[in-house]
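**Q**
2 protein chains.
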Amino acid sequence: MDSPPQLQNFFESCQRRIEAVLSDEIKQCDASHSLREAMAYACLDGGKRIRPVLVYGANRALGGNMADADPAAAAVELMHSYSLIHDDLPAMDDDDLRRGKASVHKAFDEAIAILAGDALQSLAFAVLAETCRSRTAVTRLKQIQVLASAVGANGMVGGQCLDCCATGSEASLQALEALHRLKTGALIRASILLGAHSADGVSDQQLADFQLYADCIGLAFQIQDDILDVTADTASLGKPQGSDQHNDKTTYVSLLGLEQAKSKASELTGQAISALTHFGSEADLLRELAAFITSRAS
Amino acid sequence: MDSPPQLQNFFESCQRRIEAVLSDEIKQCDASHSLREAMAYACLDGGKRIRPVLVYGANRALGGNMADADPAAAAVELMHSYSLIHDDLPAMDDDDLRRGKASVHKAFDEAIAILAGDALQSLAFAVLAETCRSRTAVTRLKQIQVLASAVGANGMVGGQCLDCCATGSEASLQALEALHRLKTGALIRASILLGAHSADGVSDQQLADFQLYADCIGLAFQIQDDILDVTADTASLGKPQGSDQHNDKTTYVSLLGLEQAKSKASELTGQAISALTHFGSEADLLRELAAFITSRAS
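If you're matching them up, the sequences are chains G and A in order. Okay, so the first sequence: first residue is 1 according to this note's numbering, each after it adds one. Okay, so the second sequence: first residue is 299 according to this note's numbering, each after it adds one.
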């Protein structure tokens, strides 16, 4: 990862932390061995953990402490992992490779993959609902509201549905943006908001700033994904290079061309950073993260 | 439905009520048309609504009012509907018929079925987390904890996983019971507990009584399902008669024989009714419901 040293340290600290939290949560599942194995396979030791980093980043921007943000960080990553398992299924994107290893339905089987995804979604809500001295019931309930609304039919799943329907037919830029605001944007926005609610006393103005920041980086993240699908190789991507083109998907690159897609991503990065002008140096990591999203190579 | 008049009226009143609540919730999904259609197809105008009836029944046994139990009743039925969609998928039980009509993946397609199930699970949590003047944040959080733990790897999904793995190999009575305590029992128990938490001031003793009641009727319900798979016809079942035998599934009937399975179901009904001795006449509906579960013909 080619990120500035401060961000690099923060990333690594978040990654270690979330790995331990997720590992603990999955260990507590005492049902079927293969189900727990599949859940662990999908969640542990993989991925950039950008969503947990956003949770911890928003928490830090408000002067919170990391421990209070652990449940929210785990919840968004559990939700992300479940969505990847289901997206990879043969009936959906039919991807055999994920994060450089066999996708869950290939490593296990389709039934286990469907069930592991289902169980990870439940676990995400369970983690947020767990008793925790440092967060009030009202706060935890607010986090659950934000997450449930971000991942359902009006959010992530709705976006995935648009994506399935859109394959093979040319979408407009507006339709593509609407799709990604739901499919990836909603959970990225929820990550920031859950992080904000894990610190004390976030104001409405701060929530609005965070939302704008999240919307910009969410879209920038997707544009960069589309760019990397064309410019990166399979080894760095951990999934087959050129799969969007192969699946006849409309992307920012197919609609705008490579150069214009790059400018749009960079413009969104600028907007994301501007959204944080009311914050002090505690938000520097979020600023760096915005820049990193469009400079990342994988 | 061949149930006593009082229970019959209560059932019909619960069914009308839950239909309206679910319909309202699904109308609020403004994402993809086909996704919303599939969610409505799976949830509306079908099923006996036994889980919502349990929610309303426990609420009534504690002198609560029905409106306070609406979110919990909706949540358990949404969860049940999602689990049926995913259980019917080709990679799971591969059932083409459900409640007398094509299962969701046949009426729509597999991708939509997976996504509709996913969205219904999220919606169940969203409904419980929604702001409601009559329930405190602590109560709603407790309900979410109970539901999340009932449907995840340590509950319903864990049970479905055991069921998938068990197909084709002879299970012991103990293993079968463990499977059903998770697969169907956990959500039935959660229904009673969510109903209990929707009324004011449920005591620990009352919760323990309800749990025992729920565990007995949960198992009795499954045994009756196994009996009906052998004795009822496809039209009353709304799914192919004899499908357990066809799928080489171990059932209470295959392990105990028809007569002994009937005695066990009836014994559990007695235990369920005994569990409610500390309750007055407000719990009569739950008592009648216990008896109905093993006398139902579909």
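Just so it is clear, CB atoms sit at the ideal spot from N, CA and C, and this is done for glycine as well. Here the structure is a predicted model, which is why all the values come from computation and not from measurement.
1. Are the region 434-441 of chain A and the region 401-419 of chain A in contact at 8 Å, needing three or more beta carbon pairs?
2. Classify G:A102 as helix, strand or coil using the three-state DSSP reduction.
3. Any contact between the region 193-208 of chain G and the region 55-75 of chain G? By contact I mean 3 or more CB pairs, one from each, below 8 Å.
4. At a Cβ cut of 8 Å, what residues of the region 35-68 of chain G count as close to chain A, listed as they run along the chain?
5. Please list, in chain order, the chain A residues whose beta carbon lies closer than 9 Å to that of G:R140.
6. Assign A:S330 to one of two classes, buried (16 or more other C-beta atoms within 10 Å of its C-beta) or exposed (fewer than that).
7. Considering only their Cβ atoms, is the gap separating A:L566 from A:C514 smaller than 8 Å?
8. Taking 8 Å as the threshold (beta carbon to beta carbon), is G:G158 in contact with chain A?
9. Please state whether DSSP places G:A276 in a helix, a strand or coil.
10. Rounded to whole angstroms, what's the CA-CA distance from G:A171 to G:L255? Just pull it up for me.
11. Would you mind stating whether A:L491 and A:M454 have Cβ atoms separated by less than 8 Å?
12. Can a CB atom of chain A be found closer than 8 Å to the CB of G:Q121?
13. Which residue's Cα is closest to the Cα of G:R189: G:A214, G:A42 and G:D209?
14. Going by CA-CA distance only, name the one from G:D45, G:V76, G:R36 and G:V253 that's closest to G:P52.
15. Can you name the start and end residues of the alpha helix (DSSP H) that G:F108 belongs to?
16. Please name the residue, chosen from G:D93, G:V55 and G:Q145, that lies closest to G:H246 on a Cα-to-Cα basis.
17. Looking at G:A175: is its Cβ nearer than 8 Å to the Cβ of G:I223?
18. Could you spell out the range, first to last residue, of the alpha helix (DSSP H) harbouring A:N452?
19. Any contact between the region 4-24 of chain G and the region 43-51 of chain G? By contact I mean 3 or more CB pairs, one from each, below 8 Å.
20. Do we get a CB-CB distance below 8 Å when we pair G:G152 with the residues of chain A?
21. Here's the rule I'm using: 16 or more other beta-carbon atoms within 10 Å means buried, otherwise exposed. How should A:R314 be labelled?
22. Could you give the DSSP three-state label for G:L97: helix, strand or coil?
23. Answer yes or no: do G:G185 and G:L219 have a C-beta to C-beta separation smaller than 8 Å?
24. Are the C-beta of A:C463 and some C-beta of chain G separated by less than 8 Å?
25. Step through the CB atoms of chain G and report whether any lies within less than 8 Å of the CB of A:F423.
26. Going residue by residue through the region 170-206 of chain G, where are the continuous alpha helix (DSSP H) segments of at least 4 residues, counting only ones entirely within it?
27. Identify whether G:Q241 lies in helix, strand or coil by the three-state DSSP scheme.
28. Find the residues of chain G that neighbour A:A409, judging by a C-beta separation of less than 7 Å, and give them in chain order.
29. So what does DSSP say about A:Q520, is it helix, strand or coil?
30. State the Cα-Cα distance for the pair A:D523 and G:Q145, rounded to the nearest angstrom.
31. Which residues in chain A sit within 7 Å of G:H80, going by Cβ to Cβ distance?
32. I'd like to know whether the C-beta of G:D24 is nearer than 8 Å to at least one C-beta of chain A.
33. Can you give me the start and stop residues for the alpha helix (DSSP H) that A:M364 sits inside?
34. Measuring only between beta-carbons, confirm whether G:L194 sits less than 8 Å from chain A.
35. If distances are taken between C-alpha atoms only, which option among A:H378, A:A367 and A:A370 comes closest to A:L342?
36. Starting from the beta carbon of G:C29, find every residue of chain A whose beta carbon is closer than 8 Å, and list them in chain order.
**A** The answer reads as follows:
1. Between the region 434-441 of chain A and the region 401-419 of chain A there are fewer than three C-beta pairs closer than 8 Å, too few to call the two in contact.
2. Three-state DSSP puts G:A102 in a strand.
3. Yes, the region 193-208 of chain G touches the region 55-75 of chain G.
4. For the region 35-68 of chain G, which is checked against every Cβ of chain A, the residues closer than 8 Å are L35, R36 and M39.
5. Result: A435, L439 and I442.
6. Buried, because 16 or more other Cβ atoms sit within 10 Å of the Cβ of A:S330.
7. Result yes, Cβ atoms of A:C514 and A:L566 sit closer than 8 Å.
8. Yes, because at least one Cβ of chain A sits closer than 8 Å to the Cβ of G:G158.
9. According to the sequence as given, residue 276 of chain G is Leu; it is not Ala. Of the three classes helix, strand and coil, the one that applies to G:L276 here is coil, per DSSP.
10. Rounded to whole angstroms, G:A171 to G:L255 spans 9 Å at the Cα level.
11. Taking the C-beta atoms as reference points, A:M454 is found no nearer than 8 Å to A:L491.
12. Chain A, which has a Cβ nearer than 8 Å to the Cβ of G:Q121, makes this yes.
13. G:R189 has its Cα closest to that of G:A214, out of G:A214, G:A42 and G:D209.
14. For G:P52, the closest C-alpha among the options G:D45, G:V76, G:R36 and G:V253 is that of G:V76.
15. Careful: G:F108 lies outside any alpha helix (DSSP H) and carries neither H nor E.
16. G:H246 has its Cα closest to that of G:D93, out of G:D93, G:V55 and G:Q145.
17. Against a cut-off of 8 Å, the Cβ pair of G:I223 and G:A175 comes out as no contact.
18. Counting along the chain, A:N452 sits inside no alpha helix (DSSP H), nor does DSSP assign it H or E at all.
19. Three or more beta-carbon pairs drawn from the region 4-24 of chain G and the region 43-51 of chain G are found closer than 8 Å, and the two stretches are therefore classed as touching.
20. Yes, its Cβ sits closer than 8 Å to a Cβ of chain A.
21. A:R314 should be labelled exposed.
22. Secondary structure at G:L97: strand, using DSSP grouped into helix, strand and coil.
23. Contact annotation: G:G185 and G:L219 have beta-carbon atoms nearer than 8 Å.
24. With its beta carbon less than 8 Å from one in chain G, A:C463 belongs to the interface.
25. The beta carbon of A:F423 sits closer than 8 Å to some beta carbon of chain G.
26. Runs found: 173-180 and 186-197.
27. Collapsing the DSSP output to three states places G:Q241 in coil.
28. Here the neighbours are A91, M92 and C164.
29. DSSP places A:Q520 in helix when its eight states are reduced to three.
30. Roughly 36 Å between the two C-alpha positions.
31. Within 7 Å of the CB of G:H80, no CB atom of chain A is found; the nearest one sits about 13 Å away.
32. It does not; no Cβ of chain A falls within 8 Å.
33. M364 to D386 is the extent of the alpha helix (DSSP H) around A:M364.
34. Taking CB atoms only, G:L194 has no neighbour in chain A less than 8 Å away.
35. Here the closest residue by C-alpha is A:H378.
36. Scanning chain A for C-beta atoms nearer than 8 Å to the C-beta of G:C29 yields G450, A451, N452 and G456, reported in chain order.
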